[in-house]
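Here the structure is laid out as structure tokens; the discussion comes afterwards.
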Amino acid sequence: QEVVSEESEEESNGVNLMEFSDEILLHILSYVPCTDLVLNVRRTCRKLATLCLDKSLTHTVLLQKDYKVNKDKVKQLMRDIGKEIYQLNMAGCYWLPSSTIDHVTRCKNLVKLNLSGCHVTSLRLSKMLSTLQHLRSLAIDVNPGFDASQLSSECKATLSRVSELKQTLYTPSYGVVPCCTSLEKLLLYFEILDRSREGFMLSGQLMVGESNVPHYQNLRIFYARLAPGYVNQEVVRLYLAVLSDRTPENLHAFLISAPGSFAETGATKNLLDSMARNVRLDALQLPKAWINGSGLLQHLKFNNPFYFSFSRCTLSGGHLIQRVINGGKDLKSLTSLNLSGCVHCLAPESLFRKAEDDIDSSILESLVVSCCNLRHLNLSAAHHHSSESIGNHLCQLLSRLKHLLSLALPVCSITDVTASVEKPPTTPNLVPQTFGRKVRIGIQTYPRNLGDQANQKIESSVFWALMGSLRFLETLEIIGSSFSSAMPRNEPAIRNSLPPCVRAQSVGDSEVAAISQLTYLQSLTLAQLPNILTGSGLINIGLQCQHLRTLSLANLGMMGKVVYMSALTDMLKHCKCLRDLRLEQPYFCAGAQFFQALSQCSSLQRLCIVSRSGTLQSDAVMSFMANCLEVIMCHMFMGESLTVCKNLQQSIVRSFQAERPALNVVIFPLLHEDLTEVIRDVPMRHLDEITLFKSRVAEEPPNLWW
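Here's what the structure looks like:
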């Protein structure tokens, strides 16, 4: 009786979730996936049955990363709350059959719909859009076989009211653009390959019957991102031709992201001249060939700019200050700046300057003072070497940007000048970065906890101070200026890598340990840090950065040996929130030790390993997949034979596909000649977000799409 009375007393003193106010419960329920709310939680009691159908929870339904959703769940969800949904995001739901789209017709009140990455035919799109008379925002893919002539008059009427369109093209086509006569925002992603699967060269000419002219008269935002390839350039020129004839008066954001060489033509020159005369921009990004050697920036007018990207341009710091920042005038409106690959952007002029020369700190200081509200800054893919002047180090100047949320820097920019100039290089730094015969060297013992490292006074470094001043940073990329991934987009795997910058030779474990001060860090990329000896700093990050969700490590330490494996396994034990892990390292052994540690990352969803001459243990991989129930993507490009890779891939799919509908598995030899053919079948969501290595800081304007 005494025991029973004690238990009842504890229950009476405990907190009952149902006693919370409706406002608090609604806030808690907002973190639960909508499918769980509607199909599970609301069936538990009457109060939750009412709350789960509250408009604040059913107004916007996000399925884009709900990897457990299937066709039946979508069908039931639309049947139960379809009329209450005003915004539906199904982007990247590649695993759902195309017939799933038919159920969207129940959402009669839809205003915004995102179907990027979903399988939608012309006829299904026509049937669906015919019923969505309130639609104003649409995102779709245009795949081979798309036929605009199959769109009904009711569908075209809906499209005529759409003001925001995001269109990803996998075939030369205007898609639905000519039908959207009220466009204000147009986002185009060109993913057209130059060759068909059969090896035939493709043409950039549009299909027969697609000669309709797009309507841009109301356009405010134009954005185009091109994948590598000549056909993509041909097709985007067709879209731009109309703009060159008549530039929209309300255009305030013009952005074209094009890799490699994208030559300027007479039509594009006319377009830019017209923009210089008639519009004032708030966001700008142009191909490097359109800016290099021209006086364009001197004539363009800006209103309250929030985004600039001069990625890979030869723009000098002098031009940047004079023509963009207006001699250091107030640019508090600028929140995102991409200077990736802009090798002379921190130097007064570029004519007689070498890429490795010291930067002019006064230019960076002007930038920091003028753009004091920057939240996203990308300075990667360049040699930004600070001089020996006291107080003018790049890290010291950047520490003034207190609002930064994401930052990308080259490895050579974070080294202490005194350490790299005065001290002779240590023995490990003299080891050649090659794949030849291994050299036996002594390994310096580094402390494995933050306290011991503090005793070594590493916190006196400029990088340590920078990390301490940017406490709210969420995304950090430290990438070697000469680093290139072994997996480029549409080419065979790279077989040779360039050596790291001389200034980067001293960057190693202590700098990595400094990153652990970023308590709110969510995404971390480290590439080509040559002086990693034990990887001890990774353990500190695992312990201190408890919000870390994305981790990408590439070419750390000696190239002939994975020197940080022990530290990595210790780190992973603490990464309970980690969802995406990408590792690129030659000779990586994906064995039992690694996968046992990785199995403790209970939230892990996606894994990608790229390793030349790397090995894997099939039993360890299968055990890992069985233990980590949330994993839906496993990409491994190693040095194993094609037979070993295929057998393992088939075993994983056969064992786990049924219970994980979104499972995507690619295991393939890295140096195989058919790698590019395998890559083209990877869902764009995974390919763009994790499989391919790239700098993602300030890649696009913030909040470009919902």
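In terms of the numbering used here, the sequence shown is residues 301 to 1006. Backbone N, C-alpha and C fix where the C-beta goes; we use that ideal spot for every residue, glycine too. It should be emphasised that the depicted structure is a prediction, and the values quoted were computed from it without experimental measurement.
Cα-Cα separation between residue 959 and residue 435, rounded to whole angstroms: 34 Å
Ranges of the beta strand (DSSP E) found wholly within the segment 391 to 422, counting only runs of at least 3: 412 to 414
Closest Cα partner of residue 595 within the set 624, 542 and 892: 624
The segment 937 to 950 / the segment 824 to 831 touching (three or more Cβ pairs under 8 Å): no
For residue 808, the residue or residues it bridges with in DSSP: 831
Under the three-state DSSP convention, the category residue 545 falls into: helix
Residue 844 vs residue 869 beta-carbon contact at 8 Å: no
Residue 980, DSSP secondary structure in three states: coil
Own chain partners of residue 755 with C-beta closer than 7 Å, once the 5 adjacent residues on each side are dropped: With a pLDDT of 43 at residue 755, under the threshold of 50, the predicted position of this residue should be treated as unreliable, and no value is reported.
Expected contact under 8 Å - CB spacing of residue 299 and residue 879 to nearest Å: Residue 299 falls outside the range modelled here, since the chain spans only 301 to 1006, and no answer is possible.
Which of helix, strand or coil DSSP assigns to residue 525: strand
CB contact flag (residue 993, residue 787, <8 Å): yes
Cross-strand partners of residue 489 (DSSP beta bridge): 468 and 525
The segment 577 to 591 in contact with the segment 554 to 565 per 3-pair CB rule at 8 Å: yes
Contacting residues, own chain, Cβ-Cβ under 7 Å from residue 988 (five flanking each side not counted): none
Nearest-angstrom Cβ-Cβ length linking residue 664 and residue 646, presumed shorter than 8 Å: 5 Å
Proximal residues to residue 713 (C-beta, below 6 Å), its chain only, five neighbours per side dropped: 684 and 694
Residue 900: first and last residue of the uninterrupted alpha helix (DSSP H) it sits in: Looking at the DSSP string, residue 900 is not in any alpha helix (DSSP H), and its letter there is neither H nor E.
Cβ shell of residue 484 (< 6 Å), same chain only, five flanking positions each side left out: 463, 518 and 520
Check whether residue 1019 and residue 648 have beta carbons under 8 Å apart: In the structure as shown, the chain starts at 301 and stops at 1006, and residue 1019 therefore has no counterpart that could be examined.
Terminal residues of the beta strand (DSSP E) in which residue 678 lies: 676 to 678
8 Å Cβ shell around residue 475 - same chain, five flanking residues per side excluded: 440, 442, 446, 448, 467 and 469
Cross-strand partners of residue 889 (DSSP beta bridge): 915
Residues near residue 722 in its chain [Cβ-Cβ closer than 6 Å; skip 5 each side]: Unreliable positioning characterises residue 722 in this predicted model, as indicated by a pLDDT of 45, which lies under 50. The coordinate reading is nonetheless provided below. Hits under 6 Å: none found.
Opposing strand residues paired with residue 935 [DSSP bridges]: 908 and 966
Whether residue 815 touches residue 872 by CB criterion (8 Å): no
Contact with chain D by residue 779, beta-carbon distance below 8 Å: Here chain D cannot be found, since the structure has a single protein chain.
Enclosing alpha helix (DSSP H) for residue 557 [first to last residue]: Premise fails: residue 557 lies in the beta strand (DSSP E), 553 to 557, not in any alpha helix (DSSP H).
From 389, 414, 498 and 315, residue whose alpha carbon lies closest to that of residue 974: 498
Counted within 10 angstroms of its Cβ, other Cβ atoms place residue 846 as buried (16 or more) or exposed: exposed
Inter-residue spacing [alpha-carbon to alpha-carbon] between residue 525 and residue 490: 6 Å
Integer Cβ distance of residue 1015 from residue 997, believed to fall under 8 Å: Residue 1015 lies beyond the stretch modelled for the chain, which goes from 301 to 1006, so this question has no answer here.
CA nearest to the CA of residue 660, picked from 572, 644 and 913: 644
C-alpha distance - residue 461 paired with residue 621, whole-angstrom precision: 42 Å
Counterpart residues of residue 637 in DSSP-defined beta bridges: 608 and 677
Alpha carbon of residue 560 to alpha carbon of residue 384, nearest angstrom: 46 Å
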